[in-house]
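In UniProt numbering, the protein residues as written are 1 to 230.
What follows is a short report on a single structure.
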């Protein structure tokens, strides 16, 4: 049964974890080879071990749209408000279709240029929850790219995290880097990670800008790790 382009499955709704996935830069469509193919909703697999993915194609052509909106009120000089408004509307419409999923955990994720909009969406949800009797059950966010990414190299992310002001900054700075081994199939080194408090930096080994295309097995393991932990 489909509702508004979504695929509804008769399963235990309490077991579903929601993951909102945002695309990268302008005209980039996420072609992630996890257990799903985003442009084929019939291939969407939902069970107790896999999250429900909500794809967000708003980023396609985002830079072009932003340039146009920069000339038009009320978004003049305030593209963050524009991005946050429409992403809140995305979730509101989703919950209108599936009100039974309102209490479920939600994670916001994205890669590349979505690193600009994932934090905006998280902030917008945080503000929305302060003034709404039915808050969105936001649990966490994930943004990033691969180890060998020459477009957005991971040392830049490391430096950003080093300077990030939060209550676990000192613990994160002194945390040791650990080896991240695969958990499905033959044992292999997927990458490396370090964490402190509720912040984790994870490096996927031997991949470029599009991690799920270069190493889909590690990509889905990374998603599960982010949600369920080691």
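Note that beta-carbon positions come from the ideal geometry of N, C-alpha and C, so glycine has one too.
Inter-residue spacing [alpha-carbon to alpha-carbon] between residue i and residue j
i, j, result
"residue 214", "residue 122", "28 Å"
"residue 90", "residue 177", "37 Å"
"residue 113", "residue 211", "14 Å"
"residue 187", "residue 181", "7 Å"
"residue 109", "residue 99", "22 Å"
"residue 86", "residue 21", "15 Å"
"residue 202", "residue 135", "29 Å"
"residue 175", "residue 185", "29 Å"
"residue 162", "residue 133", "36 Å"
"residue 219", "residue 193", "14 Å"
"residue 209", "residue 118", "17 Å"
"residue 195", "residue 126", "23 Å"
"residue 93", "residue 197", "33 Å"
Cβ-based neighbour list, residue i, same chain, cut-off 6 Å, excluding 5 preceding and 5 following
i, result
"residue 88", "124 and 128"
"residue 105", "17, 137 and 139"
Beta-carbon proximity of residue i to residue j, cut-off 8 Å
i, j, result
"residue 225", "residue 19", "no"
"residue 168", "residue 199", "yes"
"residue 120", "residue 144", "no"
"residue 95", "residue 141", "no"
"residue 159", "residue 190", "no"
Beta-carbon contacts of residue i that lie in its chain and below 7 Å, excluding the five residues immediately before and after
i, result
"residue 103", "137"
"residue 115", "143"
"residue 179", "189 and 192"
"residue 204", "146, 147, 190, 191, 211, 215, 218 and 222"
DSSP state of residue i mapped onto helix, strand, coil
i, result
"residue 111", "strand"
"residue 122", "helix"
"residue 158", "helix"
"residue 140", "strand"
"residue 196", "strand"
"residue 84", "helix"
"residue 20", "strand"
"residue 211", "helix"
Any non-hydrogen atom of the ligand GDP closer than 7 Å to residue i Cβ
i, result
"residue 94", "Here there are no bound small molecules, and the ligand GDP is not part of this structure."
Status (buried if at least 16 other CB within 10 Å, exposed otherwise) for residue i
i, result
"residue 173", "exposed"
"residue 207", "buried"
"residue 101", "buried"
"residue 130", "exposed"
"residue 111", "buried"
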